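Enquirer: Heads up: the sequence lines are chains Y and G, in that order.
First residue of the first sequence? That's 1 in my numbering, and the numbers climb one at a time after it.
First residue of the second sequence? That's 315 in my numbering, and the numbers climb one at a time after it.
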Amino acid sequence: MDVLWLLVVGLLFGGWLALDGFNIGVGLTLPWVTRPGAERRLALTAVGPFLLANEVWLVATAGVLSAGFPEAEGRVLSGLYPVVAVLLVSWAVRDAGFWFRSRGVSDTWRRTWEGAITAGSLGLAVTSGLVIGNLVGGVPDGRPGIGILDPLALVCAVAVTGLLALHGAVFLGLRLPVANGAAASALARRLVLPVAGLGLLTVLLALPLGGLARPWPALAIGIVALAAVAGTGRALAAGRTGVAFTFTTLAGLLTVLALGVGLAPGMLDQAAAHDSLRTFGKMALPVLPVLLLMQAWLWWIFRRRVDRDSVAFF
Amino acid sequence: MALDLARLQFAVTTSLHFLFVVLTLGLGPIIAVTETRFAITGKPVFERMTRFWGQIYVINYALGIVVGLVLEFQFGLNWSGLTHFAGDVFGPSLAMETLVAFFVESTFLGIWIFGWGRMPRWLHALVFWVVLAGGYASVFWVLVANGFLNHPVGSVRRGDHLALTDFGALLSNISTTHAIEHIVSVVLLAGGLFVSGVSAWHFRKGTGDTELFRRSMRIGIVFAFLGGFLVAQTGYPQLDMVKETKPVEYAAIWRGDVNAAQAQAVAQFGPGDYRPPGWIDASFQTMSIIGEIFEYFFWVPLVFLIRNWFERRRFIQWTLMILIPVPFVAAIAGWLTREVGRQPWIVYGQLKTADAASPVSAGTVLTSLILFTAVFLALAVVDYALIARTARRGPDGVVLGAAFGAVEPPGSPSADELPLRL
Chain Y
1 MDVLWLLVVG LLFGGWLALD GFNIGVGLTL PWVTRPGAER RLALTAVGPF
51 LLANEVWLVA TAGVLSAGFP EAEGRVLSGL YPVVAVLLVS WAVRDAGFWF
101 RSRGVSDTWR RTWEGAITAG SLGLAVTSGL VIGNLVGGVP DGRPGIGILD
151 PLALVCAVAV TGLLALHGAV FLGLRLPVAN GAAASALARR LVLPVAGLGL
201 LTVLLALPLG GLARPWPALA IGIVALAAVA GTGRALAAGR TGVAFTFTTL
251 AGLLTVLALG VGLAPGMLDQ AAAHDSLRTF GKMALPVLPV LLLMQAWLWW
301 IFRRRVDRDS VAFF
Chain G
315 MALDLARLQF AVTTSLHFLF VVLTLGLGPI IAVTETRFAI TGKPVFERMT
365 RFWGQIYVIN YALGIVVGLV LEFQFGLNWS GLTHFAGDVF GPSLAMETLV
415 AFFVESTFLG IWIFGWGRMP RWLHALVFWV VLAGGYASVF WVLVANGFLN
465 HPVGSVRRGD HLALTDFGAL LSNISTTHAI EHIVSVVLLA GGLFVSGVSA
515 WHFRKGTGDT ELFRRSMRIG IVFAFLGGFL VAQTGYPQLD MVKETKPVEY
565 AAIWRGDVNA AQAQAVAQFG PGDYRPPGWI DASFQTMSII GEIFEYFFWV
615 PLVFLIRNWF ERRRFIQWTL MILIPVPFVA AIAGWLTREV GRQPWIVYGQ
665 LKTADAASPV SAGTVLTSLI LFTAVFLALA VVDYALIART ARRGPDGVVL
715 GAAFGAVEPP GSPSADELPL RL
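#1: Starting from I607/G, follow the alpha helix (DSSP H) in both directions and report where the run begins and ends.
#2: Counting only the same chain and skipping the five closest in sequence on each side, list residues whose C-beta sits under 6 Å from that of V381/G.
#3: Please classify R240/Y as buried or exposed, where buried requires at least 16 neighbouring CB atoms within 10 angstroms.
#4: Would you list, in chain order, the members of the region 695-722 of chain G that have their beta-carbon closer than 9 Å to a beta-carbon of chain Y?
#5: Just to confirm my understanding: we take A225/Y, look at its own chain, exclude 5 residues before and 5 after, and list those with CB closer than 6 Å. What are they?
#6: Which residue from V640/G, P658/G, K519/G and I427/G puts its Cα closest to that of G604/G?
#7: Within 8 Å, do at least three Cβ pairs link the region 357-366 of chain G to the region 676-694 of chain G?
#8: Between V414/G and chain Y, is any beta-carbon pair separated by less than 7 Å?
#9: Checking 7 Å against the spacing of the C-beta atoms, do F302/Y and G168/Y come in under that value?
#10: Take every Cβ of the region 536-548 of chain G, pair it with every Cβ of the region 665-675 of chain G, and state whether three or more of those distances are shorter than 8 Å.
#11: Using a Cβ-Cβ cut-off of 8 Å (strictly less than) and excluding sequence neighbours within five positions of I296/G, which residues of its own chain qualify?
#12: Checking the sheet assignment: what are the DSSP bridge partners for R472/G?
#13: Provide the residue span of the beta strand (DSSP E) that contains W623/G, from first to last.
#14: Residues of the region 427-448 of chain G with a CB closer than 8 Å to any CB of chain Y: list them in chain order, please.
#15: Comparing C-alpha positions only, which one of N374/G, W613/G and P590/G sits nearest to L339/G?
#16: Could you name the residues of chain Y that V384/G contacts, counting a contact when the two beta carbons are closer than 8 Å?
#17: Three-state secondary structure (DSSP) at A296/Y?
#18: For the ligand SAH, is there a heavy atom less than 6 Å away from the beta-carbon of P561/G?
#19: Nearest to G37/Y by alpha carbon, out of A218/Y, T108/Y, L6/Y and W300/Y?
#20: Check each residue of the region 608-621 of chain G: if its Cβ is closer than 7 Å to any Cβ of chain Y, include it; give the result in chain order.
#21: Does the pairing of the region 81-98 of chain Y with the region 401-414 of chain G give three or more beta-carbon distances under 8 Å?
#22: Whose C-alpha, out of A577/G, W455/G and A596/G, is nearest the C-alpha of R569/G?
#23: Please check the pair H496/G and G549/G, which I expect to be a contact at CB under 8 Å, by giving their CB distance rounded to whole angstroms.
#24: What residue from V696/G, A645/G, I594/G and F462/G has the CA that sits closest to P97/Y's CA?
#25: For a quick check, are the C-beta atoms of I221/Y and A258/Y less than 7 Å apart?
#26: Residue range of the beta strand (DSSP E) that W659/G falls in?
#27: Roughly how far, in whole angstroms, is the beta-carbon of F389/G from the beta-carbon of S276/Y, given that I think they are within contact range, below 8 Å?
#28: I want to verify the contact list: residues of chain G whose CB lies under 7 Å from the CB of T45/Y, in sequence order.
#29: Which whole-angstrom value is the C-beta distance of T421/G and S489/G, which I expect to be below 8 Å?
#30: Closer than 8 Å is the cut-off here; do at least three beta carbon pairs connect the region 608-622 of chain G with the region 561-575 of chain G?
#31: From I345/G to W367/G, what does the alpha carbon distance come to, in whole angstroms?
#32: Opposite V501/G in the DSSP bridges: which residues?
#33: Can you give the beta carbon distance from V86/Y to G123/Y, rounded, assuming they're within the 8 Å contact cut?
#34: Mark D554/G as exposed unless 16 or more other C-beta atoms lie within 10 angstroms of its C-beta, in which case mark it buried.
#35: G520/G: which of L391/G, L693/G, Q631/G and T651/G sits nearest, CA to CA?
#36: Sort out for me which residues DSSP pairs L665/G with in a bridge.
Take a look at the structure:
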């Protein structure tokens, strides 16, 4: 039962990184791949339907963590207090940017909230990278400030930021009209090599500096994630944006899988009592397939590229 | 010091969240009814009503969501003692809230906002009913968690933590069920008074759109009548519940003998001060005075509907406008009474708030308190200004459901380059 719940936590957190990851990436790359005005709003329209549905995966991660691994949740969140606090504020600023940007008409108003989207996305990317980097160092023991900014965490933060920017740029290339998505695809092609390099550096640093309970399988999965980044480069070069997006999504999922496999023994020690997990399982497990179907329906409705007929709210 | 700051942080974020959530929950049923009438009749006025109130709903939703995100994480951040002590009992209901309520609500709200014209109108209306059901399911699960803190049933002490013994008892906790009835009443009242108050403003200013605001006024007043009636009916039973579950708080707010209740608590829990802060009495009085107004006068708004008096009588319009903030004040006052009245306990009779704080320094908590408060207050001010502007502009200024080509008309060079259809 506890292994199952660890898989659910992994699925939710991995889902968040892979899905909200492209919202964040769009926010990061927005000023560089779209022209101000209508084109920028078109990019916001492209991610619009997915914003709420993607970010909710992290809320669900926290929820399931509090039920399945309450001890670990308390330790991770309070142990990484400053990082989590900045993550939450960045999240609020990013969302407010999306919500408020098109509610006013003046250039200043729109530029301000576009800035909020980019700044919030940068904060989210860096802090989620720091959280992952710190977890590679092992589950925190609840005392704050232990190695929050050690070299491994910092390199990991830059690597995750790069990966999410790549992911977002590929998404824009996939969902903007072909003519408007060209700049995003071009940026994505330029990002592949640096992201792969930073990823490799993270994996190499994790060997001497990491504190994973099971480092070798985690490293092997990390290498596969790097291969997915390389695959993105090849797909982009061949002009196959859909395949490239699949590869960047995989890279995000594999990153979390590597982390989960590496942390599993320590996490399982902190699982909730068996009875609680079973009660919770009876209620929650049947719901999970329904949730995935709902998300699939959302993707089906909004599967095409945006155009002038797309509903714009953001 | 860190403890007080963490409590203040929780109070600020929860109160802000609650302010916005009250309107979300109150507007939701009105929009659902309106869109269903549009789906059935196809009359344009119902579509315009849905979009107008829907745009206000969505703008208001923004703050509910961003502040709510922080709440979900705050238990782990500031109260890791609580997750350690009661996580096995308290965690599942919070997790269910995120999975069966918030997850569904978010996914379907995205479909609703961006799915106009992408599906048959009955399906679009149905999507909103799912959003609404998600919101009310949140109320249920959050109050299961909160009811447990106020009246810990279904669990037993095992070593240094609580173990879950009876999940059913958690779901039928009187502290939970009583709170749900009362909160549902107050949100219906708030939603109804908001809609009738904004409509009254439009009649007062003579902005036109008479049919839309006449229909809005009617539905708003019907909801305000229902909510106003229920709010007092569900309010008094709260007192019996508090008397049974939190006797010291009952003595503090209901002219009881606080010292006797304190002595009894000492006999039960050992030496200590079990009295909640004295100011909750003021908070309780604020709520109950407002409640009494509705207890006696809940039917008055129905009189305003006779021969559409609200369209001509300025004093009626003025009354409805000043009533808009009243349920919000009562809701916050009531929430403070319930939560502060539980002090010094975080889990009543089981764990003191002082023993639940995370081992973080006061400086860390203070920094995050300042950061959260500054950012959220600024965003709340902007959000309320946007809601007020949207409400004043009326249905013609609404963009909810509009196509990109309509909101970014050709003219700017970059807009002209966009392809029409792919």
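Ideal Cβ placement from N, Cα and C applies to all residues, glycine included.
Quick caveat, the model's predicted, so the values are computed rather than measured.
Expert: For this structure:
#1: I594 to F611
#2: T327, L330, H331 and F690
#3: exposed
#4: V696, D697, L700, R703, T704, V713, L714, G715, A716, A717, F718, G719, A720, V721 and E722
#5: A251, L254 and T255
#6: Reading off the sequence shown, one finds Ile at residue 604/G, where the question assumed Gly. Comparing Cα positions, the closest option is V640/G.
#7: no
#8: yes
#9: no
#10: no
#11: Residue 296/G lies beyond the residue range present for chain G, which begins at 315 and ends at 736; the question has no answer from this structure.
#12: H475/G
#13: Neither: W623/G is in no beta strand (DSSP E) and is coded neither H nor E.
#14: I427, F428, G429, W430, G431, R432 and M433
#15: N374/G
#16: L88 and A92
#17: helix
#18: This structure lacks the ligand SAH; in fact it carries no ligand of any kind.
#19: T108/Y
#20: none
#21: no
#22: A596/G
#23: 6 Å
#24: Here residue 97/Y is Gly; the residue named in the question, Pro, does not match the sequence. For G97/Y, the nearest C-alpha among the options comes from V696/G.
#25: yes
#26: W659 to V661
#27: Actually they are not in contact, since the Cβ atoms of F389/G and S276/Y sit about 16 Å apart, beyond 8 Å.
#28: F718
#29: Actually they do not touch by this definition, with Cβ atoms about 31 Å apart.
#30: no
#31: 7 Å
#32: In the DSSP output, where bridge partners are listed per residue, V501/G has none listed.
#33: 6 Å
#34: exposed
#35: Q631/G
#36: V661/G
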